[in-house]
Amino acid sequence: MQLPQILDFASLRSLYEGGATPLDMVEALILRLDASTDPAVFITRATPEQLRIAALELMARAPKANALPLWGVPFAVKDNIDAAGFPTTAACPAFAYEPAADSAVVARLRAAGAIVIGKTNLDQFATGLNGTRSPHGAPRSVFNSDYVSGGSSSGSAVTVASGLAAFSLGTDTAGSGRVPAAFNNIVGVKPSPGRVPNTGVVPACRSVDVVTVFAANVADGIAARTVMDGYDGGDPFSRRAGKSSLPAKPRVGVLMDKDKEFYGNAAYAALYEDAVARAKNLGAEVVEFDYAPFRSAAALLYQGPWVAERLAAIKEFFAGHADEMDPTVRAIVGGAEKFSAVDAFEGRYELGRLKQLTQAEWAKVDLLLLPTTPDNQTVEAMKADPVTLNSRFGLYTNFANLLDCSAIAVPAGFTEAGLPFGVMLVAPQDCDDALAPFANAMHQAVATGSGIDRAKAVPDIGAMASDRIEIAVVGAHLTGMPLNHELISLGGALVEETRTAGDYRFFALKGTVPPKPGLQRVPGAEGPGIVVEIWSLPPAGFGIFVSKIPSPLGVGKLVLADGRHVTGFLCEAAALDDALDITAFGGWRAYIASKATTAA
């Protein structure tokens, strides 16, 4: 099997439709991994046996080619994100542990058919934007090994840019899911905070951390992120994402001259102007905006009390093992001790003030077009001045999570010296999918390919979340129940938990395996309403899901407590004649819990 130079989803899908199998893919990938030349990319690589077993298990679970949204798609995981079967180290050997289970995102991706190829290097404890703060070495830019790869998600970006993975997971507090994308000619998808759960992720700043996706193109990045989407009760900052839209011809905010800072990098300054011109050519209305309040918010992340959150994340470890940490990371985390509870509240007040100021700027524009980074640096220069030069990289990225923004970083050209430049499209909360078409158009227009393949075609955007179909589930498909994996494997994302209107009766059906309920509307009946979860599925996944619903269950319209009508599970009336009425429990979980209590 001959793998493409860059592993985009469409190329893999074509290979599978042509008869190749995930086992064929991993055999070819093992050879490519063995031949890779950057020894600092992985902290723990999957063994050939692990890869073969994963492929065979997938083929047994879903034999049909492309039966799952990410069937046979290889991906890498930043080593501050738990993946069962691999240690989690956060690039600090003394901190290492063996996770008992996958993180929420890895579990969802594996259920959707993706195959983990290893755990990637990072700036220790995800503290840095350059990729040099690791005892495992510094991954290098795929275009010039003298230059940094960007961080903290350094190894993850390099795996995609060098064709070792079709996508990879990063995390982003200050820009770690975007800066490495810019330095390696790939896409970085940074969801709105809370949209993707952080359960099973080693925190940096827990309240603003985001799990991100690196991919060859926007379509692939959005496809992977969509599988990861959805509320998870294990993450206190997880939330049910809303829906926001942007105009087809958006008002694009660009920097005023006073806010353009490239630290003497004239090539990057010129490439930013090229990107602005490209946006105009795509039909956007270009509008200057005042970056000052965004820049002030960005400064809070490392100059304000949010630094103390880094200490809170590892305080017990820091107390006993600080001398085993990277010196620069140790100094940053240790600096948290100067902040007080008063500082924390004052920081929150200042952030609130700045949010109000940014709202005035958002009133002028629909999205922002910013340099991902204003500068690039060699590894040696970064090691010589690790704080100042690293801080420059975050000039235009640090504000995004504090201000609850969505963002997509895309390639935006090369300097004459052959170094890549990138730009970010940034929008308010939950514009994640709405950003994608324009971000993709910008990537297509620059025509620099993806990663090391500068001729790689950038595909059009397919179905977005706005094209997804919602369905309400009431029983065995609820989160944590025996059949929930079916929704996840088809690309399902939890939208919300709510209740039906009060005139529904709820029954435990006889003889179903696993046990299932039946729902029936009885006009005039009065009850508590039945707990339902609303999930969204891509059109293809919805079709597969509905086709597998067994009799006596079926699909129809449910009325919710707030009057909305949604597609959901109903039951044939004949099947309810000998079923147990469990309406009083108000939901399937409560009924199952009562049975467990009785059995005990």
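Just so you know, we're using our numbering here: the sequence shown kicks off at 176 and counts up by one.
Backbone N, C-alpha and C fix where the C-beta goes; we use that ideal spot for every residue, glycine too.
Note that the structure is predicted; figures quoted are calculated from it, not measured.
Discussion item. Checking the sheet assignment: what are the DSSP bridge partners for T742?
Written reply: Paired residue(s): K732.
Worksheet item: Span of the alpha helix (DSSP H) holding K530?
Response: Segment A516 to W537, the alpha helix (DSSP H) holding K530.
Fill in: Nearest-angstrom beta carbon gap, P314 and G306 [assumed within contact, 8 angstroms]
Rounded, the Cβ-Cβ distance is 5 angstroms, consistent with contact.
Worksheet item: Where does T222 fall in DSSP's three states?
Response: In the structure shown, T222 sits in coil (DSSP, three-state: anything other than H, G, I, E or B).
Discussion item. Report the CB separation of E827 from G762 in whole angstroms; it is logged as a contact under 8 angstroms.
Written reply: Since the first residue of the chain shown is 176 and the last is 775, residue 827 is not available in this structure.
Worksheet item: When the Cα atoms are used, what is the spatial distance from T401 to G345?
Response: T401 and G345: Cα-Cα distance of roughly 15 angstroms.
Worksheet item: When you compare only the Cα positions, how much space is there between G158 and A442?
Response: Look at the range of the chain in this structure, 176 to 775, and you will see that residue 158 is not part of it.
Discussion item. From the DSSP secondary-structure annotation, give me the bridge partner or partners of K253.
Written reply: The partner list for K253 (beta bridge, DSSP) reads T295.
Item to complete: Using alpha carbons as the reference points, say which of V649, C267, I627 and A258 lies closest to E273.
Response: Restricting attention to V649, C267, I627 and A258, the CA atom closest to the CA of E273 is found in A258.
Worksheet entry | Element boundaries [beta strand (DSSP E), containing T654] | Boundaries cannot be given for T654, as no beta strand (DSSP E) includes it and DSSP labels it neither H nor E.
Worksheet item: Are three or more beta carbon pairs between the region 387-405 and the region 592-603 nearer than 8 angstroms?
Response: Verdict: no, contact absent.
Practice prompt. Report the residue from A700, F717, I767 and M500 whose alpha carbon sits nearest the alpha carbon of L684.
Written response: That would be I767, whose Cα lies nearest to the Cα of L684.
Worksheet item: Which word fits P268, buried or exposed, when buried means at least 16 other C-beta atoms lie within 10 angstroms of its C-beta?
Response: So P268 counts as exposed.
Practice prompt. Output the residue ranges of the alpha helix (DSSP H) runs that lie fully inside the region 491-516 and measure 4 residues or longer, sorted by chain position.
Written response: List check, alpha helix (DSSP H) in window: 502-509.
Worksheet item: What's the C-alpha gap between C380 and A356?
Response: Roughly 21 angstroms between the two C-alpha positions.
Practice prompt. Count the other C-beta atoms from every protein chain shown that fall within 10 angstroms of the C-beta of P725, then say buried if there are 16 or more, exposed otherwise.
Written response: That one is exposed.
Fill in: Host alpha helix (DSSP H) of Y191 (start-end)
Counting along the chain, the alpha helix (DSSP H) containing Y191 begins and ends at F184 to E192.
Discussion item. Do M176 and E192 have their beta-carbon atoms positioned less than 8 angstroms apart in this structure?
Written reply: Not in contact: E192 and M176 (Cβ atoms no closer than 8 angstroms).
Item to complete: Quickly, what does DSSP pair D541 with across the bridge? List them, please.
Response: According to DSSP, which records beta bridges pairwise, D541 is partnered with nothing at all.
Worksheet item: Going along the chain, which residues of its own chain have a beta-carbon closer than 7 angstroms to the beta-carbon of N241, five neighbours each way excluded?
Response: Around N241: R188, Y191 and E192.
Discussion item. Once DSSP output is grouped into helix, strand and coil, what is the label at K685?
Written reply: Correct three-state label for K685: coil.
Worksheet item: Is I663 helix, strand or coil by DSSP?
Response: It is helical.
Worksheet item: For the candidate residues A215, H652 and G666, whose alpha-carbon lies nearest to that of P643?
Response: The residue you asked about is not Pro; residue 643 is Arg in the sequence shown. Nearest neighbour of R643 by Cα position, chosen from A215, H652 and G666, turns out to be G666.
Worksheet item: So what's T673 in DSSP terms, helix, strand or just coil?
Response: DSSP, reduced to helix, strand and coil, places T673 within a strand of the structure shown.
Worksheet entry | Assigned exposure category for K732 - 16 Cβ within 10 Å defines buried | It counts as exposed.
Worksheet item: Are the beta-carbon atoms belonging to R680 and V697 less than 8 angstroms from one another?
Response: Contact flag set, yes.
Worksheet entry | Through-space distance from G686 to A251, alpha-carbon basis | Here the C-alpha atom of A251 lies approximately 43 angstroms from the C-alpha atom of G686.
Worksheet entry | Distance between beta carbons of P586 and A185, contact taken as under 8 angstroms | At roughly 18 angstroms, the Cβ-Cβ gap does not stay under 8 angstroms, so A185 and P586 are not in contact.
Worksheet item: Is DSSP giving I489 helix, strand or coil here?
Response: Here DSSP, grouped into helix, strand and coil, assigns I489 to helix.
Item to complete: On the DSSP bridge assignment, give the partners of P546 in chain order.
Response: According to DSSP, residue pairing for P546 in a beta bridge involves V598.
Practice prompt. Ignoring anything shorter than 4 residues or poking outside the region 310-368, list the alpha helix (DSSP H) runs there in chain order.
Written response: Within the region 310-368, the complete alpha helix (DSSP H) runs of at least 4 residues are 329-336 and 354-357.
Worksheet item: Excluding sequence positions up to five away, which residues of its chain have a Cβ less than 6 angstroms from the Cβ of A271?
Response: Within the same chain, A271 has close Cβ partners P262 and T264.
Practice prompt. Express the C-alpha separation of G350 and K490 in angstroms, rounding to a whole number.
Written response: Take the alpha-carbon of K490 and the one of G350: they are about 23 angstroms apart.
Worksheet item: Between A638 and the rest of its own chain, which residues show a CB-CB distance below 8 angstroms, the 5 nearest in sequence each way excluded?
Response: Bear in mind that a pLDDT of 48 at A638, under 50, signals an unreliable position, so the number given afterwards is only what the model happens to contain. For A638, where only same-chain residues beyond five positions count, the Cβ hits under 8 angstroms are P713 and P714.
Discussion item. Whole angstroms are fine: how far does the CA of R207 sit from the CA of L178?
Written reply: Annotation: L178 to R207 spans about 9 angstroms, alpha carbon to alpha carbon.
Discussion item. Using a Cβ distance threshold of 8 angstroms, determine whether the region 468-487 contacts the region 566-584, with at least three qualifying pairs required.
Written reply: The region 468-487, when compared against the region 566-584, does touch it at the 8 angstroms Cβ threshold.
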